[in-house]
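> Let me begin by handing over the structure; questions about it come next.
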Amino acid sequence: MGGIEIARIRAAALHRGLTADGTDSWSPAALVAALARNEGIRIIPVPKDDPRLEESEGVWDPDTRYVYHGLSGNPFRDAFVAAHEIGHAVIGGSSTKAFSRTIDPTRAAEDPEIGADRIWDYSRRERKEVTMDLFARELLMPRSWLRRRVLDDGMRIDEIAEKLGAPYEVVAQQALDALLLPEPMEPIGPDTRTAPPPDDSQRNAATHSGSPFLLEAGPGTGKTKTLVARVEHLLESGVDASQILVLTFSNRAAAELTERIAQSRSTEAAAMWIGTFHSFGLDLIRRFNGELDLPSDPRLLDLSSAVDLVEDEFARLPLMHYRDLYDPLDHIVGLLRAVSRAKDEVVSPQRYRELAAATALRDPVEGAKAAEVAVFYEAYERLKKSAGAVDFGDLVHLPVTLVDNHPAVLAGLRDRHRHILVDEYQDVNHASVRLLSSLAGTGENLWAVGDARQSIYRFRGASSANIDIFRRTFPSATFSRLETNYRSTTGIVGLFNAFSRNMGVGSLPGPSPRPDATGPQPELHVCGDRDSEPDAIAASAHALHRAGHAWRNQAILVKGNDRLAEVARRLEVLGVPVLFLGVLFEREEVRDLLSILSLAHDGYGSALARIAAMPDFRMLAADAMALSAALRTHAASSIGWHGTGLPRGGFSAEARTALDRLDAVFANTDGRLSPWLACARAVLDETSIAKRLATSDSIANRAKGIAIWQFLNYARTQSSGKPWPTTHEFLARIRRIVRLGDERDLRRLPPSADHLDAVRVMTIHGAKGLEFDVVHLPGLHARGMPGNRINPHCIPPDGMIIGSEEKTGDEAIKAGLDEEMKCLFYVALSRAKRSLVMYRQSVKANPTKFLDGLGSHYGERGTGKVAAAGLPDSVKTIPVEFPSGISITASKIGTYVRCPRRFFYTYVLRLGGRREETPYTMMHNAIQRLVEMCGSHPPGEKIGRSRFDAMFQEAWSEKGPIAHGYADGYRAMAEGLATTLWTQIEGRARHEPGRLELRLADGTVLADVDHTSRDVDGTIHLRRVMTGRSSGRDIKALENRLSRLAAQGLGTGIRFSLINLADAAVRDMPAPLATDRADAEAALAGIARGDFPQVVDSRQCPKCPHYFLCGETGEGRLTARL
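The opening residue of the sequence shown carries number 1 in the UniProt record's numbering; numbering runs sequentially from there.
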């Protein structure tokens, strides 16, 4: 249990004591005054400009036991600040004055580590202020007290806030903690256990002196314990705490280390600099911004913000290999990641250009691609400089250039940080090594710990080559290792040690097990196919649970995120409780809130299709469909559909009640809607969501509560600045971060979930640094581990990767991936304490080659089975009638085949199917409009060039991004596409072929043809024009095959061509396949039956206009026209 939670439990206990003595629980001022009396503290309110405050909101003076706080004019705020300061006395143990300048009553216990928030790392002093904020809020309204008010007394949050005199946002945040997160487990009593003393190898490492030192700490050998002992040794030796710099790999590692040091040395922990390389780098950039020609507080770009910055300029860059005129996002992201890798290796744009030129001598194409990366790199750096911004790669790269170019700065840093300690050294990149080398000087006070065999972050620039660089940089360095594994059984240690001997990584022997570390032999369960693996895991998990291993002490580790959700869903069906969040924004309960939120800017109320299935807004699907249709005839207000004056007389009573409740969610916003506030109000006051989840003991509902809390925590950080993002901006950002995969840290469970009794399902990367009694490791077949090689979007130029200078860029990537996969497998094996169960498929799958390295350290057996507890229907039909029959275009059939649910929303419910408009899509819309105009030109007439140009201007004015700052650039691209179109229709009179259709059992399919002409030889030439680039999928696409099949009705003298304007490709469709008609019949039959299942695609789904509402719909039969 962390220090923050301990402080909150103490505050709740103080509240109970005060109210038991008669203090009014509804009076924050009385609670604070009573506690101050009990603690012998005097509270002194003073004007906000009183010099004793020294520009703080509150001050705790331990010498006088006085609390000073500035008078804010708000009694609750004054009480909160006073409670915050009293916290320093009651739990902080402050022996020096505490000045509080950043008091925040709405603070969450844990900020989401996403985007730029990953870098913000609190110092010990700042963490203390966070703790005091949470202490104060818990003292004034404990979570257990608030739960009783809501659940037992039936009070609304706005009623509680009014009675307390507190802002709604403060009470709402505390209520979210109280109702959505698992109730904290209070300590039974003080922990009287004493940690065993360090062993000889730990003690020798901690007390080393006189030379640079690199400690190899294998799994379970007490790395953190030794690091803490090293700090304590330095302090006992008289080292000034302010001269100690401790660099870690993650914020959580920094927080854990700080807490452990503070348990015995609170003052010294506050004086040290403990944090990540990136947070240390950001601190240097801010302190020496003048030397770096940056503003004092440069804007920190995350991946999404970097895309925003470069997106418009990208259209103007002279690129060929990385040019995409339809959807350039993948290219932009790939190029940004290539730039980040270059910064990991301390490679400037100019150096990148030089390496690209050298690569071109070996391979002109690869050299040209690398040269385009250099062009992008230079443009990106120019844009960042103009914006006064830095990105993640800059946070170490810029400090390297700082100390290289400013000797006085380097001298000052060396004088300040005389003792440098580095955790997880195997995970640092070359830029970090360069920075360390500069700061450490001769290195006699550099102490690092790591394990080359656990280097699993090659994509971030980590490399085992850093060990060799350490040797070369510090020839006098001492190398040692921790000798004993205290975590795992003899069999598990023997297994991962056997594998490590052939990894080609790490030079020292692996750790030895404890002599008494007995346990079962690791096992390999051989399953049938991919689908039987979860069944085998469930059988093993149940057996181990019966043998006494709690669910929460079992973990399933998977290499990639794609498999996690599938395994978790199947395990739940098989009766195994699992704790797994997955992609947060694709969880049903989170999508419910996103759908509600979308109503704030969607004047058509499209999300009503999903909202109709929510218990609090339940209505018939037909009502939702009719409401959406009716809203299209009403002008939207400033917050979308709300307040449109929509007549409700034609709808059912159920629908009218649902609309009234939705009105309440958006009431009193005055057009300024905070996404966090709207969602919090919906969860806490306007629906039964929070109450329903708070009163449920099921793990599934606990996970739902955690997911909603995590989402609202994210929304709070996005809404904290003013002006708030509009709901449209908020939802657009979510789409983008999901598409970029930049939301993965939101899948991490908060610490309050640690005690829930459920199996953990996570990636191997996510399990780094953790341990479990039981580890289940599936996917040990060749396609799963190591799996197929996935190259980066941009291969680095030859010689860029340090440690692989003699290799080509492609060879360096391959070697790095091979090494990373071995390290990943090693990490997975070494997470288990008591039992390790591995799984592999036997049907159409070869075992992973990694099993060869395990020798005879495991046993092999078949698998058991578990009866499924009520398997859900794989496809739920939606009852729908088509009174006029089904008559649709081939392109709509194509939509149905790709995603039946998108077809349902777009064409059955008529919710519209266009994606989010960007300048690129607007440009393509203009060209598509031009294609339509050419296709509707009078038959028998040729289009002259002047007429074509006028049609282009009309289409551009109607659909193009004419108001955009880079409109000229987009127009130039559009003119290029139009020129390609002109070459296809020039001199050809449009021919009217008549109605081209296929009559099938369940309906009619109409061919998609954009332009038809009759050649001089009588051949009828039909053209299907697409504005994007050509792909092999175009020929195979059912809509094009069906259009070609329908064209056969014209006879034998026909030609059907596919034209792709972006790359000027012209391809003739082959003769129809024998299966084309049957495929069309199957699609129409599915539509007629109401088969509209979801097709989940992590790349395509976030682009879909129905992404947030995709899911359940209201009940009842629909009537639609196709």
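C-beta atoms are modelled at their ideal positions from N, C-alpha and C, and glycine is treated no differently. As the structure is a prediction and not an experimental result, all values here were calculated from the model.
Check the C-beta distance from Ala371 over to Ala356 and give it rounded, since I have them as a contact under 8 Å.
4 Å
> Once DSSP output is grouped into helix, strand and coil, what is the label at Asp660?
helix
> For the alpha helix (DSSP H) holding Val310, just list the boundary residues, first then last.
Counting along the chain, the alpha helix (DSSP H) containing Val310 begins and ends at 303–314.
> Tell me which residues share the same chain as Asp61 and place their Cβ nearer than 8 Å to its Cβ, disregarding the 5 neighbours each side in the sequence.
Val67, Tyr68, Lys97
> Note down, in chain order, each residue of its chain lying with its Cβ closer than 8 Å to the Cβ of Ile332, except the 5 sequence neighbours on either side.
Val307, Val310, Glu311, Phe314
> So for Pro513, helix, strand or coil by DSSP?
strand
> Going along the chain, which unbroken runs of the alpha helix (DSSP H) with 4 or more residues stay wholly within the segment 15–96?
28–39, 75–87
> Taking the beta strand (DSSP E) that residue 1125 falls in, what are its first and last residues?
The question about residue 1125 has no answer here: the residues shown for the chain are numbered 1 through 1122.
> List the endpoints of the continuous beta strand (DSSP E) containing residue 1129.
Here the chain covers residues 1 to 1122 and nothing more, so residue 1129 does not appear.
> Can the beta-carbon of Arg143 be found less than 9 Å from the beta-carbon of Pro184?
yes
> What number of angstroms, rounded off, separates the C-alpha of Asp391 from the C-alpha of Asp293?
Just so you know, the alpha carbons of Asp391 and Asp293 end up roughly 15 Å apart.
> Do Ala30 and Ile139 come within 9 Å of each other at the CB atom, strictly closer than that value?
According to the sequence shown, residue 139 is Leu rather than Ile. Result no, Cβ atoms of Leu139 and Ala30 do not sit closer than 9 Å.
> Can the beta-carbon of Val578 be found less than 9 Å from the beta-carbon of Glu586?
no
> What does the alpha-carbon distance come out to for the pair Ser100 and Val246?
Straight-line Cα distance between these residues: approximately 25 Å.
> Among Val81, Ser463, Met923, which residue has its Cα nearest to the Cα of Leu53?
Val81
> Have a look at Phe904, Leu780, Gly741 and flag the residue whose alpha-carbon is nearest the alpha-carbon of Ser304.
Gly741
> Can you tell me the Cα-Cα spacing of Ala358 and Asp773, whole angstroms?
52 Å
> Give the range of the alpha helix (DSSP H) segment to which His397 is assigned.
Start and end: 394–405.
> Using the C-alpha atoms, what's the distance from Ile801 back to Glu345?
For Glu345 and Ile801, the distance between alpha carbons rounds to 7 Å.
> Could you check which residue in Asp531, Gly275, Ala408 has the C-alpha nearest to that of Val422?
Gly275
> Spatial neighbours of Leu410 within its chain, please: CB distance less than 7 Å, with the 5 preceding and 5 following residues excluded, ordered by chain position.
Counting only Cβ-Cβ distances below 7 Å, and skipping sequence neighbours, we find Val403, Ser438.
> Return yes when the Cβ of Val449 is within less than 9 Å of the Cβ of Glu216, no when it is not.
In this structure, Val449 lies closer than 9 Å to Glu216 by Cβ.
> Is it right to say Asp1015 is buried, meaning 16 or more other beta carbons lie within 10 angstroms of its own, or is it exposed?
Asp1015 is exposed by the Cβ-count criterion.
> Looking only at C-alpha atoms, which of Asp968, Asp50, Asn466 sits nearest to Ser804?
Asn466
> Who does Asn846 pair with in a DSSP beta bridge?
The partner list for Asn846 (beta bridge, DSSP) is empty, contrary to what the question assumes.
> According to DSSP, simplified to helix, strand and coil, what is Lys942?
Residue state, collapsed to three classes: coil.
> Let me make sure I understand the geometry here. Which of Ala360, Arg323, Thr1113, Met614 has the alpha-carbon closest to that of Met973?
Arg323
> Given a cut-off of 9 Å, decide if Pro900 and Val1096 are closer than it, judged by their beta-carbon atoms.
no
> What's the gap between the Cα of residue 1125 and the Cα of Arg77?
What is shown of the chain runs 1 to 1122, which leaves residue 1125 out entirely.
> State yes or no: is the C-beta of Arg1023 within less than 9 Å of the C-beta of Ile1054?
Here Arg1023 is not near Ile1054, since their CB atoms are 9 Å or more apart.
> Just the Cα atoms here: how many angstroms apart are Gly73 and Ala767?
49 Å
> Kindly indicate which three-state DSSP category Cys527 falls into: helix, strand or coil?
Annotated three-state conformation of Cys527 is strand, per DSSP.
> Pick from Leu981, Leu257, Ala83, Asp1010: whose alpha carbon is nearest that of Pro993?
Asp1010
> The alpha helix (DSSP H) with Lys343 in it runs from where to where?
329–344
> Counting C-beta neighbours from all protein chains within 10 Å, is the total for residue 1123 16 or more, i.e. buried, or is it exposed?
Outside the shown range of the chain (1 to 1122) lies residue 1123, about which nothing can therefore be said.
> Using a threshold of 9 Å, state whether the C-beta atoms of Pro511 and Pro219 are closer than that.
Yes, Cβ-Cβ distance for Pro511 and Pro219 is below 9 Å.
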